[in-house]
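Residue numbers (our numbering): 7 to 207. For each residue, glycine too, the CB sits at the ideal point set by N, CA and C. Because the structure is a prediction, the values reported are computed rather than measured. Taking it in order: structure first as structure tokens, then the write-up.
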């Protein structure tokens, strides 16, 4: 999926297929956030006037590039995790045993569909570190790109969070739900706060 053209990906997203959906788009937003931060690093490195942050930018660029690739992988992972649940819905339910097996498979599918976007939200939150560094220490001519990276990262976190929470609503394991909900809500709150602080919102 990550090797599709932008046009093809948008067409597939627009189609009546259940995936890719919001979770995959969230991962893409996070990947773009990391890539934008990396671009600012590249526009800063190799310039004498920014020599004092050269090493820091090199490290950031490499990390942001790796993060972008990881989030691109997250696009497919999100779609695949949702398909696990969709496949469970198709299981036979003629006997009591089949019904029980189907319910268990559905619950496992829902857990997978919550875990993957949580992981993508964590990765997108990491992109905020690079966006912040880009804005504060990067080439000031590219400051708007760094700020856009921060906005995209926040969007990715919140969008992934929606996918986590909608799946938690149908999961019976209360301990799992409580742990996941607390984790995603903490990430969301911090993402909103960091964006406001950096952009002066």
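For the set 184, 26, 150, 50, the Cα lying nearest the Cα of residue 87 is the one of 26. Counting along the chain, residue 53 sits inside no alpha helix (DSSP H), nor does DSSP assign it H or E at all. If you ignore the 5 residues before and after residue 48, its C-beta comes within less than 7 Å of the C-beta of 67, all in its own chain and listed in chain order. Taken through DSSP and simplified to helix, strand or coil, residue 151 comes out as helix. Straight through space, the alpha carbons of residue 21 and residue 192 are spaced by roughly 33 Å.
If the five residues before and after residue 205 are omitted, its C-beta is found closer than 7 Å to the C-beta atoms of 153, 156, all from its own chain and listed in chain order. Within its own chain, no residue has a Cβ closer than 8 Å to the Cβ of residue 96 once the five positions on either side in sequence are excluded. With respect to the 7 Å criterion, residue 81 and residue 34 are classified as neighbours on the basis of their beta carbons. Residue range 180 to 205 is occupied by the alpha helix (DSSP H) that includes residue 196. In this structure residue 117 touches residue 182 by the C-beta definition: roughly 7 Å separates them, less than 8 Å.
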